[in-house]
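Add 3 to the 1-based position in the sequence shown for our numbering, that's all there is to it.
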Amino acid sequence: MEWIQITIEHSADSSTLTVDDDACSINAQRKLAQHPVQKFSNVFTDIVIIPVGLNSPVDPKPFLFTFIGGIERESHSTDGSMLLRPIYQCAVPNLLGCMRGVRIGGEMVDSRNTTYGYRPSEP
Numbered sequence: 004m005e006w007i008q009i010t011i012e013h014s015a016d017s018s019t020l021t022v023d024d025d026a027c028s029i030n031a032q033r034k035l036a037q038h039p040v041q042k043f044s045n046v047f048t049d050i051v052i053i054p055v056g057l058n059s060p061v062d063p064k065p066f067l068f069t070f071i072g073g074i075e076r077e078s079h080s081t082d083g084s085m086l087l088r089p090i091y092q093c094a095v096p097n098l099l100g101c102m103r104g105v106r107i108g109g110e111m112v113d114s115r116n117t118t119y120g121y122r123p124s125e126p
């Protein structure tokens, strides 16, 4: 097993992702969504292609999503039929393993005591 160190740092004018000794910066201000973004349309990047869903999608710009650990791939039900849900196409392999010490801002993400995902507490 191998541990990797991943950090995301934000300043007023940029964001930097560091994975071990490699870093990538986005030189732009962040704009955070006030409510969860539920649907997508016309959102494509070089890495992840947003799927065509079963409902009419909504464009989340100028926001962006961060996938931690991997994205859902094509899957089949127990009888071999395909499941009708969004499938993300991506050439980047999923991260296999566990994560610890995830912090957003000054708040630790409690992934041990959650069932349906994590939302930070209100300010």
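Every residue, glycine too, gets a C-beta built ideally from N, C-alpha and C. Remember, predicted model here, so these are calculated numbers, not experimental data.
Integer-rounded CB distance, given that residue j should sit under 8 Å from residue i
i, j, result
"I11", "S18", "7 Å"
"D24", "I7", "Not a contact, Cβ separation roughly 10 Å."
"L20", "C27", "5 Å"
"A15", "Q37", "Contact doesn't hold; Cβ gap of about 19 Å is too wide."
Residue i - DSSP class collapsed to helix/strand/coil
i, result
"E12", "strand"
"V112", "coil"
"A31", "coil"
"D23", "coil"
"S17", "coil"
"N58", "At N58 the pLDDT is 45, less than 50, meaning the model places this residue with poor confidence and gives no usable figure here."
"H38", "coil"
Proximity test, residue i beta-carbon vs the ligand FMN heavy atom, cut-off 7 Å
i, result
"R115", "With respect to the ligand FMN, the structure offers nothing, as it holds no ligand at all."
One or two residues paired with residue i in a DSSP bridge
i, result
"E5", "Bridge partners of E5: none, in fact."
"D82", "Answer by DSSP bridge pairing: none, since D82 is not bridged."
"R106", "M111"
Residue-chain proximity (residue i, chain B), Cβ-Cβ < 8 Å
i, result
"I29", "No chain B is present in this structure, which holds just one protein chain."
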